[in-house]
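One line per chain: the protein sequences are A, B, C, D, E and F, in this order. Residue numbering for the first sequence follows our numbering, starting at 1 and increasing by one per position. Residue numbering for the second sequence follows our numbering, starting at 338 and increasing by one per position. Residue numbering for the third sequence follows our numbering, starting at 675 and increasing by one per position. Residue numbering for the fourth sequence follows our numbering, starting at 1012 and increasing by one per position. Residue numbering for the fifth sequence follows our numbering, starting at 1349 and increasing by one per position. Residue numbering for the sixth sequence follows our numbering, starting at 1686 and increasing by one per position. Where is the CB? At the ideal position from N, CA and C, for every residue including glycine. Worksheet: one structure, shown below.
6 protein chains.
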Amino acid sequence: MAGRSRIWTEVDFAAPGKQVSYLHLPYSVTRSAYGTIAIPVAVIAKGEGPTVLLMAGNHGDEYEGQVTLTKLIRKLEPDDVRGRVIVLPAANLPAALAGARVSPLDGGNLNRSFPGDPDGGPTAQIAHYIDSVLLPMCSVWLDLHSGGSSLDYIPFASIHLSGDPALDERALQALRAFGSPLSMVWAFFDEPRMATGSAHKHKLVYIGSELGGTGSVNPEGVRVCEEGVIRCLAHMGVLQNQAKFAVPAAPRIRLTELAGREYYVYAPDAGLFEPACRLGDTVREGQIAGHVHFVDDPAREAVPVYFRRDGLLVCKRHFGRCERGDCLAHLCTDYGG
Amino acid sequence: MAGRSRIWTEVDFAAPGKQVSYLHLPYSVTRSAYGTIAIPVAVIAKGEGPTVLLMAGNHGDEYEGQVTLTKLIRKLEPDDVRGRVIVLPAANLPAALAGARVSPLDGGNLNRSFPGDPDGGPTAQIAHYIDSVLLPMCSVWLDLHSGGSSLDYIPFASIHLSGDPALDERALQALRAFGSPLSMVWAFFDEPRMATGSAHKHKLVYIGSELGGTGSVNPEGVRVCEEGVIRCLAHMGVLQNQAKFAVPAAPRIRLTELAGREYYVYAPDAGLFEPACRLGDTVREGQIAGHVHFVDDPAREAVPVYFRRDGLLVCKRHFGRCERGDCLAHLCTDYGG
Amino acid sequence: MAGRSRIWTEVDFAAPGKQVSYLHLPYSVTRSAYGTIAIPVAVIAKGEGPTVLLMAGNHGDEYEGQVTLTKLIRKLEPDDVRGRVIVLPAANLPAALAGARVSPLDGGNLNRSFPGDPDGGPTAQIAHYIDSVLLPMCSVWLDLHSGGSSLDYIPFASIHLSGDPALDERALQALRAFGSPLSMVWAFFDEPRMATGSAHKHKLVYIGSELGGTGSVNPEGVRVCEEGVIRCLAHMGVLQNQAKFAVPAAPRIRLTELAGREYYVYAPDAGLFEPACRLGDTVREGQIAGHVHFVDDPAREAVPVYFRRDGLLVCKRHFGRCERGDCLAHLCTDYGG
Amino acid sequence: MAGRSRIWTEVDFAAPGKQVSYLHLPYSVTRSAYGTIAIPVAVIAKGEGPTVLLMAGNHGDEYEGQVTLTKLIRKLEPDDVRGRVIVLPAANLPAALAGARVSPLDGGNLNRSFPGDPDGGPTAQIAHYIDSVLLPMCSVWLDLHSGGSSLDYIPFASIHLSGDPALDERALQALRAFGSPLSMVWAFFDEPRMATGSAHKHKLVYIGSELGGTGSVNPEGVRVCEEGVIRCLAHMGVLQNQAKFAVPAAPRIRLTELAGREYYVYAPDAGLFEPACRLGDTVREGQIAGHVHFVDDPAREAVPVYFRRDGLLVCKRHFGRCERGDCLAHLCTDYGG
Amino acid sequence: MAGRSRIWTEVDFAAPGKQVSYLHLPYSVTRSAYGTIAIPVAVIAKGEGPTVLLMAGNHGDEYEGQVTLTKLIRKLEPDDVRGRVIVLPAANLPAALAGARVSPLDGGNLNRSFPGDPDGGPTAQIAHYIDSVLLPMCSVWLDLHSGGSSLDYIPFASIHLSGDPALDERALQALRAFGSPLSMVWAFFDEPRMATGSAHKHKLVYIGSELGGTGSVNPEGVRVCEEGVIRCLAHMGVLQNQAKFAVPAAPRIRLTELAGREYYVYAPDAGLFEPACRLGDTVREGQIAGHVHFVDDPAREAVPVYFRRDGLLVCKRHFGRCERGDCLAHLCTDYGG
Amino acid sequence: MAGRSRIWTEVDFAAPGKQVSYLHLPYSVTRSAYGTIAIPVAVIAKGEGPTVLLMAGNHGDEYEGQVTLTKLIRKLEPDDVRGRVIVLPAANLPAALAGARVSPLDGGNLNRSFPGDPDGGPTAQIAHYIDSVLLPMCSVWLDLHSGGSSLDYIPFASIHLSGDPALDERALQALRAFGSPLSMVWAFFDEPRMATGSAHKHKLVYIGSELGGTGSVNPEGVRVCEEGVIRCLAHMGVLQNQAKFAVPAAPRIRLTELAGREYYVYAPDAGLFEPACRLGDTVREGQIAGHVHFVDDPAREAVPVYFRRDGLLVCKRHFGRCERGDCLAHLCTDYGG
C-alpha cells in the first residue's frame, strides 16, 4: 500500500496556463496489452494563489457535477485565475461512461477506496493517485456528488465534521460561500474510506454535495452546482474574474445535519416500495414512510415501513424495486437544533 | 403461430366469486426441468355483465399500475362487481421482478410481442395467452403503462386510433371516464405488435397510459391510476359499489395528440444529455432541447439538440447518458388543434 | 421450417461396417467464422435388418445414457449386428459438454425443439436433422433420459401413448423387453415439441427413460440402461451376438402410469424446500410433501406443501432452493389401476 | 486487516430474551447507494452460562444446517436456555440465496476467508465480523457444513486437531455428545483460512460436519443435525429443557480420521466420471475408483482412476462432469487405527 | 416474414445530391424505451444511371471495407457520379462497434440472416431492410468482406455462381474490373441465407471479397479495396470523375475457384494449432497442414492435420486455440483448371 | 503476503530423471469444493549443473513459447542434460486454455502479479509459487512472451536492465547466445510487479521475448524460439547433447533498446485505427502513424496520430478497433546508439 503510482500524464502541474489532457492509468488486458485508461484532467493556473481541486464523477452516475465541470473547463481561462484550479470532470471515468456508481472494470466504488492502492484495481489506483499526488498540491477540494441512480435528493452542498474545529470552521465558511439553499453537516458517518477521510488527513477544506440523483441530470441541481462552484472559487481567492460568470450572491442557507443511524429507514423485505411521503415533507417518528408490495403474491399483505424519528425528508430511494436492507429514505434536522 | 397455449391455471374463469391464483407457464431449464413461471392472476366475478381485463407489468419497470392492481386485488370483492374483472398485476412477471422493461429470460418486450407464439419464449407465450385465451372473454382492456426506467412522463391515460370510428368513439368515452387531467390520442404509431393491435383485432376498447416513469413509483401517477381505474370500471357498469372506493368525479380533461414522427427528438451523438427544458414546457420548432456533453473529452464542444416542431413537452429521457439514436423527448399538441 | 439441413457428415449411412465420426453443424461466430459443431455419431451395420437409433444427451446433464452409449460404441462390432445401429451418444453436444439441460449456445432445450428448423439455432438444427434425416431411416428410437440436474428419479424406462393402439402395443412389447423393474406409461403430457412427437409422426417405436438424475452418474441407472439397451436390440432382431454382452433376462416389470396434472406438486413460494418423503414412498392425497423454509427471514413460518392425490413417489426435486412454480415432486400409479 | 467492522445490528447481544433480527453489512452499489446486506441473526439468552454460536450457510449450498437452525430459531425460547445461543442460519446470505458455495457478489468462499477483512468484499467482512465480534463472546462454535453441490458425503460431525491436546479433548467430548453415528477427526489439512483456524486461535471448541451434500436437502442429514445440535447444547449446559426437543440419547459413534493427501483421489483428465464404488464401500489401494469417459470423442479409451490407499469411501464427487484436478473421492480410516 | 420494415430514415433516396445520415432501427429496451439504432448511410446521386450499393460491416470485425467506405463518403461528391451510390459503411453497426462478427444485441450473423425478418432481432431487421428496401433500387452490390477475427486471407474479390449464366458473366466482368490480383469464384457453397442469395434473387451483380482478416486492418487489403471499388464504379458507368481518384488500371487477375468441401481442413481435436504452411503455399493432398498440441497435457502426442486435396493455401485460421470442428484452412485452385 | 504456498505437487524437484506431472493449486468453488487447478510441469535432471526455468504461458494468448516447450518436454531426456531443467509450458493455465492474456478465473495478469500472494486469487498464487518455490532453485529463467492478442511484434528476445552491471552483463551474454536476429534491451519500464522484478530480486539471469503476437502462432517466431532455447541451454552448460537438436549457431544480432515513454504512441480517440506504416519501417518524429476513423459517424474527420520520435517500428496494435489511451505502436533504437 506504500508504493508509487503508475499513473502518468503529460500535464505539467507546475506550469502556468491552461492544459486539457489526460491521466494515463496502465491497464494491461487481453484487448490491449499496453492499454491505458485516459482520465480527463485540466489545469488552469496563473500566478500565486491556492490550489483547488474540482472533481466530479467520483460516482459515475452522478451527473450535475460532471456537466458543471465539463462546461467550466471550456470556459475558465488562466486570466480568470490567481493560483491554480485542477479539474477532474470524470474521476472514475469507466464508471462515468457506464453511467454506474461503480467501475465496470473492477466493481470499485471510488468513494469507498481511499487512500487507495497503486497495486490495486483501476479504482484503487485512482484513489491512490488523488491521495498521493493531487491532494498534497491542494488546500481545497470540491467533490461534487449527487444521489446516483438509486437515490433522489433535495440538492445541497455539505461538509463532514472532521474532529478538528478549526478545519471544520473553514469548511463551514466555504459551505456558506457555496450557498446551496439547503446545506448539510454530516455529523454521523461510519466509513473511513471515503474521500472525506483523505481530505481530513491532508487537512483540506472538503466540500461535498448531493445535487439531485435518480441517474438523471437535474437542471436545478446543475444551477446550484454552477453557482456554488464559482462562488466557492471566489471565496478561496482563486477566481479573479467573477463578473465573467455572472453568478448571484450566495443566499442565506438553511443548515441541517444528519446525526445518527435513526435518521435512516431501511427496507424490511424485498418487493415494490410505494412511498407515502415526498421530498421536503416534515415527518414524525412512527409515521408511515410507505409500503412494500408483493406483486408476485397479491394475496399477501403489504408491509408498512415507519420513520424512526422526526425530521425533514431530504432523501428517498428512487427505484421502485427494493431488497431487504436497502435504504429507503433518510431525514435531516436543523443543525444544532 | 397457430398452436394452443401450454399455459395452464387452476383458475376457473367461468366461476363466480373471487379467485387469486397463478397462470403456470412451463419453463424447462437446467435449474428446473419441470418448472413453471407462476404469473399472478385474479378473477372477481358476480352475475351478468361485461368482462374487463385490468393489466399492469406489460413492461416490468412501470410500477404505478402494478401498485394499483395489487392493492385492488385485495380490496375488490365479488359483491362490488356485476360481470367480471380479470386482473394481471404483473403480466410479464420475470420483467417485473427484475425491474426491467424486458424479460431477463428471453429479452422479450411484451408490448412488441403480440399476437404472440405458443412455441416462442416466455414473453411470446404470455402475449399469445392474452391474445388467444383472455381477450376473447373481454370487451374492455386497461393496459396500465408508465414511462419505464428510461423516460419521464406527465401522467396521462390514452387511446390509440384504430381506424374504426365507432370503436374509437367508445374508447374516447372510456378515456373521458378515466379522467386523467391530461389525456392523449395516439394518432401516429408504427408498430403492429403492440397490445393495442391485438385489442383492435378483437374490437376491444383499449385504454393505455403513461403514469410517470424513471423506474420509480410516482405517487401522483398512482393516484391518477387508482381513480381512473375505479371510474372506468363504473363507466363500464362492472363496478357496483363505487362508494366503497371514494373516488371523486372525473375532471374535465385536456385532450392532446401525437400525430407524427416530428414530435420526437433523437440524440445526435452518444454522451451526457443536459436538458434545457422541463416537462410541461411549451416549446417552439428550432428551440434548443438540450446539449450532449463529452465528459471523456472536455475539449470537445457540446452538441446542441433541437425541437423539430411546436408543442407541449410531455415526455423526456430520464437517464443522463445517451446513445446516438435514443429518443430524448417527445411533444404533444391539442387534439384536433 | 421446410428447408434442407446444413449439417453434413463423412459418415455413409448406407455402408456396412463400423464408422465412428462426426456430424458437422455449421456455426459461424466471431471465434470461428467457418466453424462447425462436431457432434459424435457412430454407425454399426451389417446385412439386412431394422435400423435402431440409440441416442443420449438429448439433455446434456443426463448421463446414464451417455455412459452406456459411449461404452457401447467401443464394444459393438458389425458382426454383432443384423441391420443397423445408429448411435448419438451426446445429441446436444454443447449441452453435454456444459453439463446442462439446455445448450449454452442458444439456451435451447432439444426436447422442446422438435421437429426443428434448419434455419434456427444449433439446438433447432439438431432436432431438424434427427427428424428429417435420421428418423426416416429408422423403425425404433431409444432416447435415453434421466432426471437431469434438478430432478431425482427411481430409474425406469417408459413409453408415451401415441393414440395409435398398434404402435402403442409394439412400444409396450419393447418396453417389456427393455425390462426396467419399474416402467412407466406417460398417459398425460401436453407438449407436442418433444422427441416423442416426432417419433409418433414417423410411426416409430419410441422408448424413453428416466434413469436417475441429480446431475450425477447413477451406477444403478447405468446398469438398468446397459442391460435394457442390449435386451431391446435383441428384441428388435438387430443384435446377433447377445452372449457377448452377458445380460440377464428381463425381469417382470411393475408397469405404472402418470395420468393427469394432479400427479404433480408445485412450489407455492420461493425458498428452501425440505422434503418430508423419499423416493419409493406411497403417499396419500393431502399428505405433507414437505415445507418451504425462509432462511433469510427465520421469523416467518414455513409453508407446507401437500400431495394432491394418492400414488407412488417416483420423482422429486433435487436442488434445495426452489422458485414458486417449480415442480417439487410427481407420483405414478399402477397402469390401468 | 486491523480495522473495525462496519457491520451494525439492532440486536443487543447482552440482553436477555429472544431477538430475531439482522446484521447489516453496508454494500454500496449502483442499485443501492446506501444498501445493506441483511444477514439473519437470532439471540436467545437467559441467565448465566456459556455462549454457543450455531452457524449454517458458511457455504450457501449446504442446506441441512440451514434447515435445522431456521426451525430452531422458531422453536427455541429463552426459558429453554441457560447462557446464550447466537444463531446465524445463513452466514454467507448472498451465497445461501444463490444456492452456491461462494458469494455471487465477490466470488468469496467464506471458509477460505478467515480471519477476514473489514475493508474487503462482503465475504471477507462477514468472516471478520464473526472473528472479531462474535467469537470473543463464545466458547463453542457449531459450524454446520455439508458436501455442497459438488460432493456427496455419508453424514458426519467432525473436529479438527488443533495442536492443543486439552482443547482437542474438549472437542472430542463434544463430538461424542453430538453423536453422529459416523464421526471424523481431520488430522490433515492445509488451509489456515478456514473457520477452524479462527476457532483455534480463540481457543473455542469447534464442531464441524458434512451432513450430506449434492446441493440437495438430505432428510437423514437433517435428522442427524437436529439431534446433534440439541445434544450438543445440552452437553454444554446451555439447554435447560431437553425434554421439549425429544431427542434420543447419543449412539456410540464410529470415530474415523483423514490423515494425509493420499486419502484423496483426483481427476486425471476432464470428462464424464463414472464411479465404480459407492459411499460406504471399503476399498483397497490400487482398486479402480471409476473411469473418465469422453462422450465427445467416443473412439477414445476411457481413463481409469485408482484409489491410492485402503479406506472407507466417505465422500465422492457428485457432478457427472469433471475437470482435471477435481477431487473425485476421499476415504477415511478408523481413528488411531 | 412478409411485413414492412419498421426502419425509418430522413434520407430521401430519390433526391439528387449528397446526404450523410442514418437508418433508424427501433430498439425498445430497458435503457431506452423509444431508442433506435442509428446505422450510418450515405447517398450520393446525380442524373440518370444505375444504382450501386456499397456495403461494409456485414461482419463487424472485417475492416478494410469499413475504412474504404468511410473515407469514400467524405470524398465522393454528386458531381463525381452519374446515377446513384448508396453507401452502408457499417451495415451491422452494433457488430462493427463491438469489433465482432456477430451482433452483441442478438448474436446475429448478418450474412446468415437474409432475406431477413421485420419482426426479428436487429440483425434480421437489417437484412430485411436491405433485401426489401435497398436491393430493389439497385443493380449492383459490392459487399466488402474480409476474413474477420478468426481467419487470415490473401486479399481477393470474388463472385458466387448463381446458376444464371448471363448474370454470372456480368459478375465476372465486374470482378475483372475490380482487379484484385488474386480473384475467386465460389463454385461450392451451401448456405442460402447469405447476402449472395438475396442478390441472386434480385438478379443483381454481386461482388464479394476477402480483403485480409485476423481482426486487424490490412493496409494491402485497404489498397486493393479502394482501387477495386473505384474501378468497379467506373466499370458500371456510375463514376464520372475517375481522375480525381487516381487509381491505376486493373491488373490481369489470377482467377481461382473453390469447388468442393474437400478444399477445407477441419480441426480433429481441441488444442493449440501450429500451422506447417503459410498463405500462398502450394500444397498436396496428404501433406501435413499442422499439428494440434495439448499444452495442458504435454505428455500427450500432438495430433497431425492433413490437407485433403492439392491447391493453393489462400485461407488459414488465425487464432492459436481451436475447437474440434473449426476450419483450420482452405485451398483454391485455378478456375476451370 | 508472507505465508506458505498451498500449491502442492507429486513432482520431486530433487530427483534425477524425467517427470511430467502437475502443480495442484487448490481452487474451492461451487462446481468443485475440493478442486485443484492442474498446471503442467516437467523436470528433466541429471548430475550436477545449474537449474534453468523454462516458462511460457505467462500470458495465455502468447503461443510461440507454449508450442516450443510442449514439444521440448516430449523430446528432452535426462541424458541430454547436466543439471536440471524445469519447464512450465502454460504457467497461467486458465489463461492459456482461454486463449487470453489474463485469467478467466480472477482477471489476473500474471506478469503484473509478482511476487504474488499465497492468499490471493489463482494468478497471485501462481506468481507466489514461482517466486517463493521455483526461483530459489534456479540461476536462469527464460520467460517466453509474444505480443498477445492485441499487439504484433517483429520477433525478438530481450533483457531488462537490472541496475546490477554484473548481472546485466551475464544476461547480455545469454541474450547473444539466444541469438534472435533482432534483440532488445528494455532500458525503460515502470512496473515492479513483472516477472523481471522477481528475477532481479533473486539475482537470476532473466531472458524475455516478444516472438510474434496477434493471438496467432507465428511459425517464424516458433523457429526463433526453438533455436534460441536450445542455444541458451547449451550456453548455460545444461544441454549436453546439442547435436540431437540440430540448431545452427547464433547469428550476429542487431541489439536495440527502448529508452523512454516517447517511444510509444497512444490512441487519441476511440474508433477504427488504420495504420500508415508497417513493422520494420524506420520512422521519424512527427510522421503520421495512422488515422482513427469513425465508421458510426462518417461525416466526422478522421483523427491523425503521430510518432513522437525517430525509430524502428517494432510493435503495432493488431486489433482494428481502439479505445482512447490504447498503445498503437512502439519504436526501438539501436542500443547505445
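Practice prompt. Give the straight-line distance between the Cα atoms of A/Ala-132 and A/Ser-5, rounded to the nearest whole angstrom.
Written response: According to the sequence provided, residue 132 of chain A is Ser. The question's Ala does not apply to it. Looking at the two C-alpha atoms, the distance is approximately 8 Å.
Practice item. Taking the CB atoms as reference points, tell me whether B/Ser-517 and B/Ala-494 lie closer together than 8 Å. Key: yes
Taking Cβ positions only, does E/His-1372 come closer than 8 Å to chain B? yes
Length-filtered (3 minimum) beta strand (DSSP E) runs lying within the region 1770 to 1831 of chain F: 1825 to 1829
* Asked: F/Glu-1747: buried (16+ other C-beta within 10 angstroms of its C-beta) or exposed?
  -> buried
Original post:
Residues in its own chain within less than 6 Å of F/Glu-1662 by CB, not counting five upstream and five downstream?
Top reply: For chain F, the structure presents residues 1686 to 2022; residue 1662 of chain F sits outside this window and is missing.
Measure from the alpha carbon of E/Leu-1620 to the alpha carbon of each residue in F/His-1709, F/Gly-1750 and F/Glu-1695, then state which is nearest. F/Gly-1750
Self-check item: Beta-bridge partners of A/Ile-253, as assigned by DSSP
Solution: None; A/Ile-253 has no bridge partner.
What is the DSSP secondary structure of E/Ser-1510, reduced to helix, strand or coil?
-> coil
Exercise. Starting from the beta carbon of A/Thr-30, find every residue of chain F whose beta carbon is closer than 8 Å, and list them in chain order.
Key: Asp-1746, Ala-1785, Arg-1786, Val-1787, Gly-1833, Ser-1834 and Ser-1835
Going by the CB atoms, is the gap between B/Arg-646 and B/Tyr-603 shorter than 8 Å? no
Selection from D/Gly-1226, D/Val-1306, D/Asp-1307 and D/Arg-1242 that minimises the alpha carbon distance to B/Arg-368:
D/Gly-1226
- Query: If we count the other Cβ atoms within 10 Å of its Cβ and call it buried at 16 or more, is B/Gly-340 buried or exposed?
  - Reply: exposed
Margin query: Restricting to Cα atoms, I'd like to know which of C/Gly-723, C/Lys-749 and C/Leu-727 is closest to C/Ala-917.
Written below: C/Lys-749
Worksheet entry | Uninterrupted alpha helix (DSSP H) stretches inside the region 1847 to 1917 of chain F (no shorter than 4 residues) | 1850 to 1863 and 1880 to 1886
At what residues does the alpha helix (DSSP H) containing E/Leu-1420 begin and finish? 1412 to 1423
Could you run through the region 500 to 517 of chain B and flag, in chain order, every residue whose CB is less than 9 Å away from some CB of chain A? none
> Hey, E/Arg-1449 and E/Glu-1539: beta-carbon distance below 8 Å or not?
Replying inline: no
Discussion item. Spatial neighbours of F/Phe-1799 within its chain, please: C-beta separation below 7 Å, excluding the five flanking residues on both sides.
Written reply: Ala-1812, Asp-1816, Arg-1878, Met-1879, Ala-1880, Gly-1882 and Ser-1883
**Q.** Within 9 Å of chain F by C-beta, residues of the region 1318 to 1334 of chain D in sequence order
**A.** Cys-1326, Arg-1328, Phe-1330, Arg-1332, Cys-1333 and Glu-1334
### CA nearest to the CA of D/Leu-1290, picked from D/His-1341, D/Ala-1185 and D/Asp-1280
D/His-1341
Discussion item. With H, G and I counted as helix, E and B as strand and the rest as coil, what does DSSP make of B/Gln-579?
Written reply: helix
Strictly by DSSP, which residues pair up with C/His-965?
C/Glu-948 and C/Pro-978
With a threshold of 6 Å on Cβ separation, who are the neighbours of E/Ile-1578 within its own chain once the five nearest residues in sequence on each side are excluded? Phe-1593 and Val-1595
Item to check | CB contact flag (B/Val-542, B/Val-477, <8 Å) | outcome: yes
What number of angstroms, rounded off, separates the C-alpha of E/Gly-1511 from the C-alpha of B/Glu-547?
55 Å
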